Amino acid sequence: MVNYNGELLATDKSIFTGSNRAFKYGDALFESVRYVNGTLFFWEDHYFRLMASMRILRMEIPMEFTMEFLEEEIKKTITSNAQDSGAVRVRLTVFRNEGGLYTPTTNQISYVIETNTMESPFFTIEEGNYEVELFKDYYVNKDMLSNLKSTNRILNVVAGVYAQENGYANCLLVNTDKKVVEAINGNLFLVKGNEIKTPPLSDGCLDGIIRKNLMKLIAGSEEYDLVEGSISPFELQKVDELFITNSIAGIQPISKYRKKEFDKKVAKSLVGKLNAKARIG
Numbered sequence: 356m357v358n359y360n361g362e363l364l365a366t367d368k369s370i371f372t373g374s375n376r377a378f379k380y381g382d383a384l385f386e387s388v389r390y391v392n393g394t395l396f397f398w399e400d401h402y403f404r405l406m407a408s409m410r411i412l413r414m415e416i417p418m419e420f421t422m423e424f425l426e427e428e429i430k431k432t433i434t435s436n437a438q439d440s441g442a443v444r445v446r447l448t449v450f451r452n453e454g455g456l457y458t459p460t461t462n463q464i465s466y467v468i469e470t471n472t473m474e475s476p477f478f479t480i481e482e483g484n485y486e487v488e489l490f491k492d493y494y495v496n497k498d499m500l501s502n503l504k505s506t507n508r509i510l511n512v513v514a515g516v517y518a519q520e521n522g523y524a525n526c527l528l529v530n531t532d533k534k535v536v537e538a539i540n541g542n543l544f545l546v547k548g549n550e551i552k553t554p555p556l557s558d559g560c561l562d563g564i565i566r567k568n569l570m571k572l573i574a575g576s577e578e579y580d581l582v583e584g585s586i587s588p589f590e591l592q593k594v595d596e597l598f599i600t601n602s603i604a605g606i607q608p609i610s611k612y613r614k615k616e617f618d619k620k621v622a623k624s625l626v627g628k629l630n631a632k633a634r635i636g
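Given below as structure tokens:
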């Protein structure tokens with residue numbers, strides 16, 4: 356079952372017309388949220404990011420769109436799919452209602468909630484090989500729109516095809532200044548000694564939820580020093596570790612970039628702290 360504007364519908368039921376603005380123009384936002392045994396991980400952060408993004412895109416926020424309302428709609432969908440007791444991947448998509456060409460005739464919105472079961476209730480570290488490469492065919496723009504979790508993801512799609520065709524697990528994206536900003540599906544962190552570095556939002560990376568919470572953990576730690584700074588491609592082979600973060604995987608270590616192989620010690624130490632933080636919100 357999927358939840359379309361509060362109505363539970365079978366997944367094979369047609370919902371959209373050819374005039375849907377998410378389909379025609381990518382006029383939509385989405386949140387991917389991990390749900391485990393009644394808890395939506397970092398739900399408050401996801402909610403406020405969605406509200407801020409809707410305001411930036413001039414979408415009209417319905418009066419009922421409270422954090423509690425959307426949480427109940429998500430849980431209703433999970434219950435309808437008999438997924439209450441396990442780990443669930445939730446996708447909440449919000450899109451402007453149809454009408455108009457590039458310029459919409461309305462700023463009112465609709466939403467869809469989809470849920471899928473996951474194997475592990477915890478963030479875990481994958482032990483296998485995870486090799487990445489730079490994707491340099493197209494560039495991420497250094498602006499606020501790049502920070503949003505919108506459905507405008509054609510660059511990521513093409514990078515994903517490139518990775519698949521060339522046998523890489525992922526690609527690292529660069530901005531118009533040729534700085535490394537993120538991976539196809541998450542934010543990037545570098546570890547060198549006790550310093551952990553991640554690109555600033557001003558470089559065009561996604562304003563990621565795990566990025567935000569991991570930065571708080573690192574900043575509050577006595578073990579590591581947090582640095583927000585632009586990353587040159589030349590830095591990638593000089594560090595001890597590279598890892599990617601997103602709301603579903605948590606932390607994904609990179610095992611190899613070009614000829615350099617990386618450790619996973621810091622990633623492993625941080626994932627336990629991240630799991631603990633997720634449970635208490």
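Mapping to my numbering: the sequence shown position 150 is 505, numbers consecutive. Quick reminder that beta carbons are idealized off the backbone N, C-alpha and C, glycines included. Quick caveat: nothing in here was measured; it's all calculated off a predicted structure.
Where residue i falls: helix, strand or coil (DSSP)
i: residue 524; result: coil
i: residue 364; result: strand
i: residue 537; result: strand
i: residue 452; result: coil
Beta-carbon contacts of residue i that lie in its chain and below 7 angstroms, excluding the five residues immediately before and after
i: residue 462; result: 413, 414, 415, 451
i: residue 365; result: 356
i: residue 406; result: 416
i: residue 515; result: 539
i: residue 469; result: 357, 446
i: residue 531; result: 494, 496, 497
i: residue 581; result: 551, 570, 573, 574
i: residue 433; result: 390, 439, 443, 470
8 angstroms CB neighbourhood of residue i in its chain, flanking five on each side removed
i: residue 383; result: 376, 377, 448, 449, 450, 451, 505, 506
i: residue 398; result: 388, 422, 426, 636
i: residue 529; result: 489, 490, 491, 494, 495, 535, 536, 588
i: residue 597; result: 487, 543, 544, 545, 546, 591, 608, 609, 612, 617
i: residue 369; result: none
Close Cβ partners of residue i (< 6 angstroms) along its chain, the five nearest in sequence each way excluded
i: residue 501; result: 495, 559
i: residue 524; result: 485, 486
i: residue 386; result: 401, 405, 447
Residue i versus the options, residue with shortest Cα-Cα distance
i: residue 586; options: 391, 536, 542, 404; result: 536
i: residue 457; options: 424, 379, 561; result: 379
i: residue 467; options: 512, 634, 609, 360; result: 360
i: residue 593; options: 630, 394, 561, 548; result: 548
i: residue 372; options: 453, 443, 567; result: 453
i: residue 490; options: 436, 520, 499, 469; result: 520
i: residue 409; options: 498, 432, 368, 464; result: 464
i: residue 440; options: 481, 391, 556, 619; result: 391
i: residue 611; options: 632, 473, 526, 553; result: 526
i: residue 601; options: 620, 479, 381, 471; result: 479
i: residue 522; options: 370, 613, 607, 627; result: 613
i: residue 381; options: 510, 630, 624; result: 510
i: residue 595; options: 622, 576, 436, 605; result: 622
Residue i - partner residues in DSSP beta bridges
i: residue 547; result: 550
i: residue 359; result: 362, 467
key: 3 or more residues per run - each beta strand (DSSP E) lying fully within the segment 581-633   = 596-601, 605-609
query = At which residue ranges does the segment 372-450 contain complete alpha helix (DSSP H) runs of 4 or more residues, listed in the order of the chain?
reply = 376-380, 398-411, 422-435
Every unbroken alpha helix (DSSP H) inside the segment 461-530 [4 residues or more] = Correct list: 499-502, 509-521.
inquiry  = Please give the ranges of any alpha helix (DSSP H) in the segment 550-586, keeping only runs that are unbroken, at least 4 residues long and fully inside the region.
reply    = 564-574
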